[in-house]
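Residue numbers (the numbering used here), protein chains in the order written: chain A, 1186 to 1526; chain B, 721 to 920.
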């Protein structure tokens, strides 16, 4: 005997049981108070800027009638003059910003005079003044040292050889330690200016947020609410209202895979194994360490031959170490090398 | 119908900060929960989806005609964003935050879940969640709306009544019919799952 009705009866799940099921499966509060605050700031900003709102509550002192037309005519004549001057300007040698070293799925395009676009192929230069848009992803070797990696659907303007204005999208800057002050790259965004000191960082800008993830070194951000420094392992977000929010971010893992896939070529021919390991660990966002002294000695004394062209750092690491007496272990931001035989 | 929602939108379009705050307070967390139930997104991605959906909504407030509840209209925008997020994730490198992992969210959900009882225990927690959403999506829109509002978002009957522009008694009646429809589909689902697992 049982109190429960048979399984095939529609009453075999009673109301309290059904309500418990629905509550346990449906009740969620996934956003933290901090996340809600971030959302409030950005959505509120978007609401205030909505055109429908502007139409309902026009700002005081709106220009109307003949004054508006006169203003438009004046603006049109200025635009026509600027376009004419641009078309007639002599071809001048512009400073080079960098060379495209690799690209995928359409790579980069540069917008020239009168909005014509042309694709920048591998080996071709990007110059100061170029308005660059990415169809696919691309690696650019910078004239002053280091690299710039660009994700698809990004847009930027090269302001000078050491300054970039990111309009929107996702980029990754790698300026290895040891470069001169002159080699620094400044990136301006709609939320402020990013300045770094020998570092690797990722910068994302879209309608809602400007986000910097510092992988190595240090970044200084100058925004509407002042300056803030972010160290390696930090994500700094500049929200629409000007507020800055930081949180920890790992320097390794899937979030960085897109940058690793665009790693510059490392020429191994004639180079000690230890240099390759240092390069690979940096690309993977890991610290390099040796489990035993023999492993370190082997890495220092082994000279590499051949090429790893076309291989991503993780694959190259596995392939190269397979031909040595060393093995490796990648875990939680550490690349550990040990003697295997 | 939906008079309260139409009025709220009109006030927002007139620039009333108080109206915006009411809109945000009643929609943001609820929309995030709606998206969380229908996706395995981590906290950061979920926040992104909700942010984009809400921004698109406030930019298009003038297009809200009051033909459905404001939250239903928001849910539609959110579903589009979820689809976009899935497409983008398939195309682009994923950005996964280890600090807001869905595994942690899942563990919390499991901790708060009641002990499974027969015949509910026919499905494990994950399958149960998916089955509940599947059934809700197969129910008439108003049934799904009231069940999700009552049990998912914890809204009082009076609040649901205000959103739907009907009386509290009408909502009670709607809830009863919605539960009955859900129960029938649930039993069908659990018995087919049971027979698939241990065929007699």
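By construction, the Cβ of each residue, glycine as well, lies at the ideal position given by its N, Cα and C atoms.
Within-7 Å CB hit, residue i to chain B
i: residue 1215 of chain A; result: yes
i: residue 1417 of chain A; result: no
i: residue 1208 of chain A; result: yes
i: residue 1399 of chain A; result: no
i: residue 1510 of chain A; result: no
i: residue 1203 of chain A; result: yes
i: residue 1227 of chain A; result: yes
i: residue 1501 of chain A; result: no
i: residue 1312 of chain A; result: no
i: residue 1235 of chain A; result: yes
i: residue 1351 of chain A; result: no
i: residue 1429 of chain A; result: no
Test: residue i CB closer than 7 Å to a CB of chain A
i: residue 871 of chain B; result: yes
i: residue 791 of chain B; result: no
i: residue 901 of chain B; result: no
i: residue 786 of chain B; result: no
i: residue 799 of chain B; result: no
i: residue 883 of chain B; result: no
i: residue 865 of chain B; result: no
i: residue 880 of chain B; result: no
i: residue 847 of chain B; result: no
i: residue 775 of chain B; result: yes
Residue of the options minimising C-alpha distance to residue i
i: residue 1457 of chain A; options: A/1465, A/1474, A/1487, A/1445; result: A/1487
i: residue 803 of chain B; options: B/787, B/765, B/890, B/780; result: B/765
i: residue 726 of chain B; options: B/753, B/745, B/783, B/750; result: B/783
i: residue 1398 of chain A; options: A/1219, A/1358, A/1371; result: A/1358
i: residue 737 of chain B; options: A/1282, A/1201, A/1394, A/1234; result: A/1234
i: residue 1310 of chain A; options: A/1327, A/1320, A/1318; result: A/1327
i: residue 1286 of chain A; options: A/1354, A/1440, A/1200, A/1494; result: A/1494
i: residue 1380 of chain A; options: A/1354, A/1439, A/1499, A/1416; result: A/1416
i: residue 1468 of chain A; options: A/1439, A/1484, A/1491, A/1348; result: A/1439
i: residue 1370 of chain A; options: A/1354, A/1355, A/1389, A/1350; result: A/1350
i: residue 1340 of chain A; options: A/1318, A/1322, A/1348, A/1334; result: A/1318
i: residue 796 of chain B; options: B/758, B/902, B/741, B/904; result: B/758
i: residue 1531 of chain A; options: A/1427, A/1216, A/1378; result: Residue 1531 of chain A lies beyond the range of chain A shown here (1186 to 1526); nothing can be said about it.
i: residue 1475 of chain A; options: A/1447, A/1215, A/1514; result: A/1514
Backbone CA spacing between residue i and residue j [nearest angstrom]
i: residue 1471 of chain A; j: residue 1361 of chain A; result: 15 Å
i: residue 1387 of chain A; j: residue 1406 of chain A; result: 13 Å
i: residue 1511 of chain A; j: residue 1525 of chain A; result: 5 Å
i: residue 1411 of chain A; j: residue 1430 of chain A; result: 13 Å
i: residue 1289 of chain A; j: residue 1306 of chain A; result: 10 Å
i: residue 1473 of chain A; j: residue 1462 of chain A; result: 7 Å
i: residue 1481 of chain A; j: residue 1505 of chain A; result: 15 Å
i: residue 1478 of chain A; j: residue 1330 of chain A; result: 34 Å
i: residue 885 of chain B; j: residue 788 of chain B; result: 10 Å
i: residue 1485 of chain A; j: residue 1460 of chain A; result: 8 Å
i: residue 792 of chain B; j: residue 740 of chain B; result: 17 Å
Same chain, Cβ closer than 6 Å to residue i, five either side skipped, listed in chain order
i: residue 1385 of chain A; result: 1359, 1400, 1401
i: residue 850 of chain B; result: none
i: residue 1304 of chain A; result: 1294
i: residue 1334 of chain A; result: 1324, 1357, 1444, 1447
Cutoff 8 Å; reference residue i; Cβ partners in own chain excluding five residues on either side
i: residue 899 of chain B; result: 867
i: residue 824 of chain B; result: Residue placement at residue 824 of chain B is flagged as unreliable, the pLDDT there being 41, under the threshold of 50; a coordinate-derived value is accordingly withheld.
i: residue 888 of chain B; result: 877, 878, 881
i: residue 781 of chain B; result: 729, 732, 733
i: residue 905 of chain B; result: 855, 858, 859
Close beta carbons around residue i, own chain, < 7 Å, minus the five adjacent residues each side
i: residue 1332 of chain A; result: 1324, 1325, 1326, 1359, 1449
i: residue 1424 of chain A; result: 1223, 1226, 1227, 1394, 1430
i: residue 1518 of chain A; result: 1435, 1436, 1437, 1470, 1471, 1472
i: residue 1466 of chain A; result: 1472, 1473, 1520
i: residue 895 of chain B; result: 866, 870
Next item on the list: Pair every Cβ in the stretch 737–752 of chain B with every Cβ in the stretch 770–780 of chain B, then say whether three or more of these pairs are closer than 8 Å.
Entry: Segments in contact, yes.
Note to self: So, does the stretch 1196–1215 of chain A touch the stretch 851–858 of chain B, judging by three or more C-beta pairs under 8 Å?
What the structure shows: With a cut-off of 8 Å, the stretch 851–858 of chain B and the stretch 1196–1215 of chain A count as touching, because enough Cβ pairs lie within range.
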